[in-house]
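Student: Under the working numbering, the residue at position 46 of the sequence shown is numbered 56, and the numbers go up by one with no gaps.
I have a structure here, written as structure tokens, and I will follow up with some questions on it.
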Amino acid sequence: MLTRLSSKGQVVIPKAVREALGLRAGTRFHIQVVKDKIILEPIEISPVNALYGKYPDADFLSGLEEEHRREVEREDAIRP
11 MLTRLSSKGQ
21 VVIPKAVREA
31 LGLRAGTRFH
41 IQVVKDKIIL
51 EPIEISPVNA
61 LYGKYPDADF
71 LSGLEEEHRR
81 EVEREDAIRP
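Listed below in structure tokens is the structure:
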């Protein structure tokens, strides 16, 4: 199979290859140059890591911290 490098440095992976490897739009790759060859290795990114930095103004941890603090207070109140 042949493909071509665009003026923007983009390479199209042929449909047959994408289907054979289960590649979808947005798939990330680790790229290596080994001697005179380019190696693209698809990588899996966890859903948590994929969302990292996506919502910079969201304050998820403070809500969890507050919930944990209330749980600790309830447990302390129950203890003799």
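Beta carbons: idealized from backbone N, C-alpha and C, even for Gly.
Considering only their Cβ atoms, is the gap separating residue 29 from residue 39 smaller than 8 Å?
Tutor: Cβ distance not < 8 Å, so residue 39 and residue 29 don't count as in contact.
Student: Just to confirm before moving on: does the CB-CB distance between residue 33 and residue 49 stay below 8 Å?
Tutor: No. Outside cutoff.
Student: Would you identify the three-state DSSP class for residue 12, choosing helix, strand or coil?
Tutor: Of the three classes helix, strand and coil, the one that applies to residue 12 here is coil, per DSSP.
Student: Which residues does DSSP list as the beta-bridge partners of residue 52?
Tutor: Per DSSP, 39.
Student: Could you check the C-alpha separation between residue 79 and residue 86 for me, to the nearest Å?
Tutor: Roughly 11 Å separates the two Cα atoms.
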